[in-house]
Amino acid sequence: MTENSILLSVQDLKVYFRSEDEVARAVDGVSFDVGREETVCLVGESGCGKTVTALSIMGLVPIPPGEIADGRVLFRDKSLLDFNDNEMQQIRGNQIAMVFQEPLTSLNPVFTIGDQIGEAIRTHEDIPENEVTRRSEQLLKDVGIASPAERLSDYPHQLSGGQRQRVMIAMALACSPDLIIADEPTTALDVTVQAQILRLLDSIQKTRAMSVLYITHDLGVVSKVADRVCVMYAGIIVEHGTRQDIFKNPKHPYTQALLASLPNREKRGQRLYSIPGTVPNPAYKPSGCPFHPRCQNAIQTCREQYPGMCDYGNAHNARCPVVFDGGRGN
Amino acid sequence: MDVNPHTNSQDYRLDEPLAPKRTRFEEFWRLFKQNRLAITGMVFFILFFVVAIIGLALTSGNDPFLDPALVRLQEKLRPPLARPNFEMLQPNEVPTLGVYVFGTDDLGRDVFARMLQGSWVSLTVGFVAVGIAIIIGIFLGGIAGYYGQRHIRINQLIAAGFLAAGAVLLITDLIWASAGFLLGGLTCILLSFLTKKSARSKIRPAWTRFWFFNTISIDTLVMRFVDIMLCFPSFIAILTVVALLPASIYNIMIVIGLTSWMGTTRFVRAEFLSLREQDFVASARALGLNNFRIIFRHMMPNAVAPVLVSATIGIASAILTEAGLSFLGFGVPPPHATWGNILSGGKGFIFDAPWLTFVPGIAILIVVLSFNLFGEGLRDVLNPKLRERG
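Keeping their order, the protein sequence lines are chains A and B.
The opening position of the first sequence corresponds to residue 1 in the numbering used here, with each subsequent residue numbered one higher.
The opening position of the second sequence corresponds to residue 1001 in the numbering used here, with each subsequent residue numbered one higher.
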């Protein structure tokens, strides 16, 4: 990837949450890039820091108790973490938009969806009222809502979950952002609606030439939408590569275990694999490699040494020297 | 069936079910109608409004239609519906209606006209006082709920201290000393702006650490102030303040308003504490809205229901407080009639002329009761948890 095709670059981001006597290291040194018109997926179990990463890109981590301990977030080569509130408000919604997990509660219950989409437009652009209405209608049409003109005067409770998520996407699209951060946009929806929303996001991304940072724990979703995948575990990225790399040729034991626990045709009738143990508490992480207590390949070094990124070429990296050395040496 | 609207939006429209469209207001009205007491309350509520406005129109001006201040000593203490004694009266003293609807008082003034004039006082006192209380309550409650976790820092305390001292000295005519303090306050503010950047960095000198040291949270500050205000027996506090200030209807409104905002503050704070964690607030922030818009456009409408209810009941208690003050003689000054001072004027003649006590007493009873019933009806409708399932 060439330098100027990078839209968003997260470099060694560390986000900690302090409480009375402990420090939860929710994000502990995460680096990744999102190129223009690219879909990058952040995958990981619950509590591995995916959402906190997204929120800190938007500048929405509550401070305190949160704290950006280290790292940089570069958006079009400007450091977002150094922006003040006003400058961030210019970025949010206008250049980076976010779609949240829960469409049921992410819309304000007391306003019509027309009001809410209109507000998304009016916040960043000074255009006449009839133009706002026309744009809102067009947006609803773009996200595939039937008879958009009538839906504009509906309240959120009158829409179904899928329709609400479409409205959320329409709001995110309102100012034609360069980057959409979709935080598990399909988790709260049922499977058929999920497929529709994925198709919608995909077609919108193509027609509008946007980048999407997709946050999910659903590998099925990843295999459909991702250009590149970052696998997160306990606040760090353990493996990073193209979709083909991750699904066909996973290098990190965690990625391998995740894929092994997916159901597929060959495993029909068998008990699915599950990774033993649970995700470590972010305030009390194991020493060395955070995955070693659950890892089948763990050796003594894993307990003592923080693993470095091993380069498999072609931008495919995995944070497991054991597999790397083993693969090369023996 | 493929429901991809990109390909067949025309067909899609056909199987769109046409549920009857109801706005929120229509739904509330449908529920509200079922509560007969609340409807009765609302009817009286509206009636009171109409009477007060008509009353203002009929009793004010240089040559009012019904003159509440016209003294006819020869016609004193006439009972309700008494015909005036035409031989004793000058032509300009004859009551316009040809009858004393609610009788006359000890100075022969028409009680009906005085009641009409007093209803406007009650209405304005009720609404303005509650309006003041609600504005303060929403403002402080909103701040405590939304910004509550933030702390007041030493530098802000010092700056505020300097400015306050300067303001006090300015009032006491020590111009030079006050100018010094005000300048000191401004310097503090300027210094805070200059050192703001360095406060964020990791390595910072010890004095800035003291300078930005957190003292108490905003939530503690506001809510303990509420607790302090609630400690005062408010009626006694109002009496004290009213005794010190010149008696006028505006002072009464302001004083009642300034002593009754605590309940609203608590309501609004509680609502905001739960609303600020809601997803739609996070999504509003992700759209790049500023805090002001989030508080007043997104959170306030969601928090307004309990405030509306407490306002309705608050109006009733403000009317009662005003009547009580007027009864004790601390209210609106005498030539102007209010329900409270009609009541107080009538207490000397309670056995000879009971209508002087009953008419304003019953009017206060009806208005306060109807406001309370209306308020409770509103609460039942606006709070789904309290809705009775039929």
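Just so you know, even glycine gets a beta-carbon here, dropped at the ideal spot from N, CA and C.
As the structure is a prediction and not an experimental result, all values here were calculated from the model.
Using a C-beta to C-beta distance shorter than 7 Å, which residues of chain B count as neighbours of T123 of chain A? L1287, G1288 and L1289
Integer Cβ distance of T336 of chain A from Q165 of chain A, believed to fall under 8 Å: Here chain A comprises residues numbered 1 to 330, so residue 336 of chain A is not present and cannot be evaluated.
Tell me the rounded alpha-carbon separation between V212 of chain A and I1254 of chain B. Going from the Cα of V212 of chain A to the Cα of I1254 of chain B covers about 55 Å.
Is the CB of F1212 of chain B under 7 Å away from at least one CB in chain A? Contacts with chain A at 7 Å (Cβ-Cβ) do not include F1212 of chain B.
Sub-7 Å separation of Y254 of chain A and Y273 of chain A beta-carbons: no
Short of 7 Å Cβ to Cβ, which residues in the stretch 46-65 of chain A face chain B? M58 and L60
Counting only the same chain and skipping the five closest in sequence on each side, list residues whose C-beta sits under 7 Å from that of L1373 of chain B. Cβ-Cβ distances below 7 Å link L1373 of chain B to L1037, A1038, T1040 and G1041 in the same chain, with the five nearest sequence neighbours on each side left out; the list follows chain order.
To the nearest angstrom, how far is it from the Cα of L139 of chain A to the Cα of A120 of chain A? 11 Å
Sub-7 Å separation of L1320 of chain B and V1368 of chain B beta-carbons: yes
Straight-line gap, I215 of chain A to L189 of chain A (C-alpha atoms, nearest Å): 15 Å
Residues of chain B with a CB under 7 Å from the CB of Q89 of chain A: which are they? G1288 and N1290
Positions along the stretch 193-213 of chain A whose CB lies within less than 7 Å of some CB in chain B: none
From the beta carbon of L159 of chain A, is the nearest beta carbon of chain B less than 7 Å away? no
Answer yes if the stretch 1253-1268 of chain B comes into contact with the stretch 1292-1311 of chain B, meaning at least three C-beta pairs across the two stretches below 8 Å, and no otherwise. yes
Three or more C-beta pairs below 8 Å linking the stretch 87-105 of chain A and the stretch 43-63 of chain A: yes
What would DSSP say about G1329 of chain B, mapped onto helix, strand or coil? coil
Need the endpoints of the beta strand (DSSP E) that L213 of chain A sits in, please. S211 to T216
Using a C-beta cutoff of 7 Å, does H1298 of chain B count as contacting chain A? yes
Looking at C-alpha atoms only, which residue of A:A226, A:N297, A:I246 and A:K251 is the closest neighbour of G35 of chain A? Its Cα nearest to that of G35 of chain A, the residue A:A226 stands out among A:A226, A:N297, A:I246 and A:K251.
Would you mind stating whether A1073 of chain B and V1381 of chain B have Cβ atoms separated by less than 7 Å? Contrary to the premise, residue 1073 of chain B reads as Leu rather than Ala in this sequence. Result no, Cβ atoms of L1073 of chain B and V1381 of chain B do not sit closer than 7 Å.
Straight-line CA distance for S1234 of chain B to T1259 of chain B? 6 Å
Start-to-end residues for the beta strand (DSSP E) that takes in C48 of chain A: Element bounds for C48 of chain A: n/a, residue is neither H nor E.
Using only the alpha-carbon positions, how far apart do G1288 of chain B and D178 of chain A sit? 15 Å
Could you check the C-alpha separation between I117 of chain A and K50 of chain A for me, to the nearest Å? Distance between the alpha carbons of I117 of chain A and K50 of chain A: 27 Å.
Going by C-alpha distance, which of B:G1263, B:N1302, B:E1093 and B:W1261 is nearest V1281 of chain B? B:N1302
Specify, as a first and last residue, the run of the alpha helix (DSSP H) that Y254 of chain A falls within. Here the alpha helix (DSSP H) through Y254 of chain A covers P253 to A260.
Is the beta carbon of A1363 of chain B within less than 6 Å of some heavy atom of the ligand NAD? Here there are no bound small molecules, and the ligand NAD is not part of this structure.
So, with DSSP's three-state summary, where would you put F1112 of chain B? helix
How is T187 of chain A classed by DSSP in three states: helix, strand or coil? coil
Using the beta-carbon count (16 or more within 10 Å), is G313 of chain A buried or exposed? exposed
Can you name the start and end residues of the beta strand (DSSP E) that C331 of chain A belongs to? Past the edges of chain A, shown from 1 to 330, lies residue 331 of chain A, and the structure says nothing about it.
Per-residue DSSP class, three states only, for M232 of chain A: strand
Once you ignore the five residues that flank S5 of chain A on each side, which residues in its own chain have a CB closer than 6 Å to its CB? G35 and R36
Terminal residues of the alpha helix (DSSP H) in which N1290 of chain B lies: Unbroken run through N1290 of chain B: none, as it is neither H nor E.
From the DSSP output, read off the bridge partner residues of G161 of chain A. Its beta-bridge partners do not exist; DSSP assigns none.
Just to confirm, are A1133 of chain B and W1261 of chain B a CB contact at a threshold of 7 Å? yes
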